[in-house]
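Going by the numbering used here, the sequence shown opens with residue 42, and the numbers climb by one from there. Heads up: the structure comes next, in structure tokens.
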Amino acid sequence: SIDWDQLHLLHPLGSGGFGSVYKATYRGTTVAVKQVKKRSKNCLASRQSFWAELNVARLGHNNVVRVIAASTCIPASQDSLGTIIMEYVGNGTLHYVIYGTGSVIGKRKDNGLGCGHKSLSIAQSLSYSCDVVAGLVFLHSQLIVHLDLKPAN
42 SIDWDQLHLL HPLGSGGFGS VYKATYRGTT VAVKQVKKRS KNCLASRQSF
92 WAELNVARLG HNNVVRVIAA STCIPASQDS LGTIIMEYVG NGTLHYVIYG
142 TGSVIGKRKD NGLGCGHKSL SIAQSLSYSC DVVAGLVFLH SQLIVHLDLK
192 PAN
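Now the structure itself:
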């Protein structure tokens with residue numbers, strides 16, 4: 042369960058079909074908070090997705106985000122199915138590393154498309170790819186399928 046008095050939302054990180062994610066603090070630690078929205082068209086699918094994500098909470102792997110706490114009791118919103126508090130894994134996404142401008146990984150060069158960016162080296166590409174594959178292999182070994190795998194996540 043979640044100690045709601047210890048949870049403080051800081052700012053939104055993103056949103057999608059599953060819900061919204063916020064940067065927050067929980068018991069003094071920086072975390073990511075996912076507020077899972079009810080889908081009016083398919084509440085059963087929303088509920089199944091929520092519980093499937095919580096099944097990951099019992100797992101431990103370097104390439105899988107750890108779930109810290111979760112609750113289906115939502116004091117602030119009637120439109121939410123539940124809240125999941127997860128470890129916060131940093132200020133960027135793989136999408137930002139690949140496509141972003143002003144990244145901390147180095148100066149950007151114009152790629153001819155008007156969106157200058159520095160290409161990842163082969164070593165960097167392999168490293169990121171191996172990390173993603175290691176996480177997926179682990180999840181699949183636990184009979185869990187990631188349904189929203191993309192660089193932005």
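We treat Cβ as the ideally placed atom computed from N, Cα and C, and that holds for glycine.
Candidates the options, of which the one nearest residue i by Cα
i      : options                       : result
THR113 : GLN47, LEU122, GLY101, ARG99  : LEU122
GLU128 : VAL105, LYS191, LEU51         : VAL105
ALA93  : SER160, LEU188, SER170        : LEU188
SER160 : ARG107, ILE139, SER56, VAL178 : ILE139
THR70  : GLY58, VAL130, ASN194, GLN89  : VAL130
TRP45  : CYS171, HIS181, THR124        : THR124
ASN194 : GLY133, GLN165, HIS52         : GLY133
Where residue i sits in the DSSP three-state scheme
i      : result
VAL105 : coil
ILE163 : helix
GLN47  : helix
HIS52  : strand
SER170 : helix
Other residues of its chain near residue i: CB distance less than 6 Å, five sequence neighbours each side excluded
i      : result
SER42  : SER112
ILE126 : TYR67, VAL72, VAL74, ILE109, ALA110
GLY60  : LYS75, GLN76, VAL77, LYS78
ARG107 : GLU128
C-beta atoms of residue i and residue j nearer than 8 Å
i      : j      : result
PRO192 : LEU135 : yes
LYS64  : LEU48  : no
ILE185 : ASN96  : yes
Sequence-distant residues of its chain with Cβ nearer than 8 Å to residue i (five each side left out)
i      : result
VAL178 : none
LEU190 : VAL173, LEU177
Spatial neighbours of residue i in its chain, beta-carbon cut-off 7 Å, leaving aside the 5 residues before and after
i     : result
PHE91 : VAL77, LEU122, GLY123
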